[in-house]
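**Q** I'd like to ask you about the structure that follows.
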Amino acid sequence: MTDSARGVAHPELWPAAKSRGLVDAKTEAYVTGLMARMSLEDKVGQMIQADISTVTPVDLANYPLGSILAGGDSAPAGGDDRAGPDKWVETARAFRAASLAERPGHVAIPIMFGIDAVHGNNNVVGATLFPHNSALGAAHDPALIRRIGVATAQETAAAGIDWAFGPTLAVPQDHRWGRTYEGYSEDPDIVRQYAGEMVLGLQGQAGAGQTLQHGHVAASAKHFLGDGGTINGVDQGDADVSEQDLIRIHAAGYPAAVDAGIMTVMASFSSWQGAKMHGNKSLLTDVLKGRMGFDGFVVGDWNGHGQVPGCTADSCPAAVLAGLDMFMAPNDWKALFTNTVAQVKAGAIPMARIDDAVRRILRVKAKLGLFDPARPFELKDGVIGNAEHRALAREAVRKSLVLLKNNGQVLPLKAKSHVLVVGEAADEIGRQTGGWTLSWQGTGNKNGDFPGAQSIYDGIRQAVTAGGGTADLSADGNYTTKPDVAVVVFGELPYAEFQGDIPSLEFQAGDKQDLALLKRLKAQGIPVVSIFLSGRPLWVNPEINASDAFVAAWFPGSEGGGVADVLVGDMLGRPRYDFTGKLSYSWPKTAAQSTLNRLRQPYDPLFPFGYGLRYADAKPPTVPQLSEVSGVDAAAANIDTYFVKGRNPAPWSFVLRQGAASVPVPGDGTATEVAGALALRPVDAGGIQGAGRQLSWTGKGEAAIAVTGGNALDLTRQANGALSLQVDYRVDEAPAGTVWLASGTGPGTPGALDLTAVLKAAPLGQWQTLKVKLSCFKQAGADLSRVTTPFALSTGGTLRLSLATVRLSADPAGSVCPGALKAH
């Protein structure tokens, strides 16, 4: 294959499909009448979607945009991203009214409001949150998927939103990918079975007039195409696979979605054979709109058009020519609007291509019911988070749990037992709901942000006490009365997109705190049941060995009681519900098996695709002691946590520097000093003995504390994704000189930020949190593509300061760019 032929599809090889319910004579005539009166500016405006963090209703008077979205961290009216439905409806109504305002020379067309409702209407406080897709795949239940789609649509429409950016039809092939949990399975058959069902749930039966007024929303199949097949599971990377595999594996769900009447398709950030999807005419136009007969419109992903060669975020005729109908331009929409209008006038974009895109957009708006002012579902009582939807989510939890081990038949638990529920995740609803929950990365949430939801602990407590037993909660595993059994809830922290990309499948590589907890309980003669929260299969052989029973609970969502339904039996220990979940992802035997898939050879999993024990099994198999050789370099896996709870997780460590002198800090925080200029000693933090480190600068020369020891990190994507360096600190004595904070390539690195004013303003003796945007270091000249020292703090004056945490944070709340830039 020549280079010119790479990334070019051959439509005749692809499966045929045909949109249903979108094109009819009445709708087309209505759209034709609208377009006849629209100016070029009106038409181009329809092709642009802006984020509500950067656009206001007033802007629509000058920029007749076709759509708005709320990105993962964008807030509705009032600026509270933990707002309830009323604020979301207020926002939607304000934009809708502005878009319909009459102006001379302008055709009033309603705005279309989109949001990532990917496991329920997950941006809205009080909504029902369903298990993430990797969990739903384990249910092997297409009918369940349609019911979830119906409930999600109703709760989305009730919040004033017209369009859900789902379903995700990726078929993840490398489980290191941070979006694996958005895919139903590694197997294209499951994705194919689920695709049409979710579309019909969200949108209603194609052509049946089930519009917004009936509690439906537009769906968006994403991400077209191959995002689950990128090299090494790198988000936004390149799927260098054959066209046959692109068709057989990655496109499996799209014909079914098109046949079901999907209204929109979202283009992928990723590439196929080096060609960016946002600019791939052979796929967007020739295959999707041609061979597959898709009559809806293609929307881009967040500034994805800006990654097409020759394009920027504010100018990309190549994407329009390739078949993109609507730009997702969250920040640069004004310039993009102006540039696109000019490009059409200059002939760089044919008017016929503009008219085709606008017809598709208006067709969807008409079929969705946007031109009908009635909105009976907005703020309709008894819709968002109602009992029926929560019961459905609880059922989905029960059906998605996979029992991997049950040695000695420790499960089901007898309800009359004394149960110790252990782990920081046990009573933290944000941990069980995962990413794309109220915030983009699913971080920064508290239990109070989930009214009506139930934690896993609370579900177990209710089930046990109802059966005459008792349940105690202990985050650290300590207790006063020895329990009959310990249920330990642990697993991955919430994440989304590239922040979830990992270099290996080893869980807690270099920092096995949860394993230590399991072993401690086991050594005390307590039967241990592990409830493992994750978005994907991970290498947890040591944790499985330390458990009598092990349950893959995925990210189950807001209804933690569903776990208890299956886990806790009646007073005699008879099951109330059986385990029925079966793996839709193969479980690895070593941490190196990142591309484990039953369709690939060699295939040697620990637990194969379709595995899952049941109580009903006559003789449940005993899981033998598993190999604890990971097969990978564990230290390479930790790229974002540098100091926490008194530890430097591998491969990182603290070092004290003064001039040419460099003194490593022992892992236990033993008092250390360098050249009489800087001393370190352990202190208490967060109520934990020795969890902090106090640093005392004497003023005898410039000295620094730095994090070092790992391989060079490429943090450019983290900087572009608005991640921050988080430092939890306490000023014990204010600085007498200038204090510099750096993240980069080592001593003397460009890009240090002046932290003096921040530290002088901090109240003495009180713990504070500082979040510094990684982009600040980049703007100051730091090379974030090869970071060897992710944190360094230095001063030549006196200062006494304590540290409790140093890590990257995906929660943008409160992040800043402090001080002036250091000159280099």
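Residues 464 to 1287 in this note's numbering are what the sequence shown spells out, letter by letter. For each residue, glycine too, the CB sits at the ideal point set by N, CA and C.
1) Who are the Cβ neighbours of residue 1149 in its own chain at under 7 angstroms, not counting the five residues just before and after it?
2) Does DSSP put residue 660 in a helix, in a strand, or in coil?
3) Keeping to the same chain, check which residues put their C-beta closer than 7 angstroms to that of residue 1102; ignore five residues upstream and five downstream.
4) Quick one: give me the first and last residue of the beta strand (DSSP E) that residue 1189 is part of.
5) Cβ atoms of residue 541 and residue 1291: under 7 angstroms apart, would you say?
6) Compute the Euclidean distance between the alpha carbons of residue 485 and residue 615, then round it to the nearest angstrom.
7) Below 8 angstroms, how does it come out for the segment 1229 to 1246 and the segment 921 to 935: are there three or more Cβ pairs, yes or no?
8) If I follow the unbroken beta strand (DSSP E) through residue 1257, where does it start and stop?
9) Counting Cβ pairs closer than 8 angstroms, one from the segment 653 to 667 and one from the segment 712 to 728, do we hit at least three?
10) In terms of residues, what are the limits of the alpha helix (DSSP H) holding residue 1240?
11) If you draw a straight line from the C-alpha of residue 1130 to the C-alpha of residue 1061, how long is it?
12) Between residue 756 and residue 481, is the Cβ-Cβ spacing less than 7 angstroms?
13) Apply the 10 Å Cβ neighbour rule to residue 862 and answer buried if 16 or more other Cβ atoms are within range, or exposed otherwise.
14) Would you report the Cα separation of residue 1047 and residue 1137, rounded to the nearest angstrom?
15) How long is the line joining the alpha carbons of residue 1139 and residue 1231, rounded to whole angstroms?
16) Tell me whether residue 813 is buried or exposed, calling it buried when 16 or more other Cβ atoms sit within 10 Å of its Cβ.
17) Do residue 622 and residue 573 count as a contact pair if the criterion is CB distance below 7 angstroms?
18) How many Å lie between residue 607 and residue 859 at the Cα?
19) Starting from residue 1127 and walking both ways along the beta strand (DSSP E), at which residues does that stretch end?
20) Using DSSP with H/G/I as helix, E/B as strand and the rest coil, what is residue 1015?
21) Check each candidate in 570, 514, 897 and 988 and name the one with the smallest Cα separation from residue 582.
22) Taking only three categories from DSSP, how would you classify residue 545?
23) From which residue to which residue does the alpha helix (DSSP H) around residue 869 run?
24) If I follow the unbroken beta strand (DSSP E) through residue 514, where does it start and stop?
25) Please classify residue 584: is it buried, with 16 or more other beta-carbons within 10 angstroms of its beta-carbon, or exposed?
26) Can you tell me whether residue 604 is buried or exposed, with buried defined as 16 or more other CB within 10 angstroms of its CB?
27) Taking residue 500 as part of the alpha helix (DSSP H), name the residues at either end of that continuous run.
28) Whole angstroms are fine: how far does the CA of residue 940 sit from the CA of residue 984?
29) So is residue 729 buried or exposed if we call it buried at 16+ other beta carbons inside 10 Å?
30) Within 10 angstroms of the Cβ of residue 1269, are there 16 or more other Cβ atoms? Answer buried if so, exposed if not.
31) Take residue 1021 as the anchor and find which of 690, 920, 1191 and 695 has the nearest alpha-carbon.
32) At which residues does the beta strand (DSSP E) containing residue 1136 begin and terminate?
33) What distance in whole Å lies between the Cβ atoms of residue 1278 and residue 1206, which are believed to be in contact at a cut-off of 8 angstroms?
34) With DSSP collapsed to three states, give me the class of residue 1034.
35) Tell me which residues share the same chain as residue 933 and place their Cβ nearer than 6 angstroms to its Cβ, disregarding the 5 neighbours each side in the sequence.
36) Can residue 1042 and residue 999 be called in contact, C-beta distance under 7 angstroms?
**A** Result, derived from the coordinates:
1) 1267
2) Of the three classes helix, strand and coil, the one that applies to residue 660 here is helix, per DSSP.
3) 1176
4) 1187 to 1196
5) Limits of the chain in this structure are 464 at one end and 1287 at the other, which puts residue 1291 out of reach.
6) 22 angstroms
7) no
8) 1252 to 1258
9) yes
10) 1237 to 1242
11) 42 angstroms
12) Yes, the Cβ-Cβ distance between residue 756 and residue 481 is below 7 angstroms.
13) Counting every other CB atom within 10 Å of its CB across the protein chains shown gives residue 862 a total of 16 or more, marking it as buried.
14) 54 angstroms
15) 27 angstroms
16) exposed
17) no
18) 7 angstroms
19) 1124 to 1127 is the extent of the beta strand (DSSP E) around residue 1127.
20) In the structure shown, residue 1015 sits in a strand (DSSP, three-state: E or B).
21) 897
22) Residue 545 falls in the coil class under three-state DSSP.
23) Premise fails: residue 869 lies in the beta strand (DSSP E), 865 to 869, not in any alpha helix (DSSP H).
24) 511 to 514
25) buried
26) buried
27) 488 to 500
28) 7 angstroms
29) Residue 729 should be labelled buried.
30) buried
31) 920
32) 1135 to 1137
33) Residue 1206 to residue 1278, Cβ: 14 angstroms. No contact.
34) coil
35) 881
36) no
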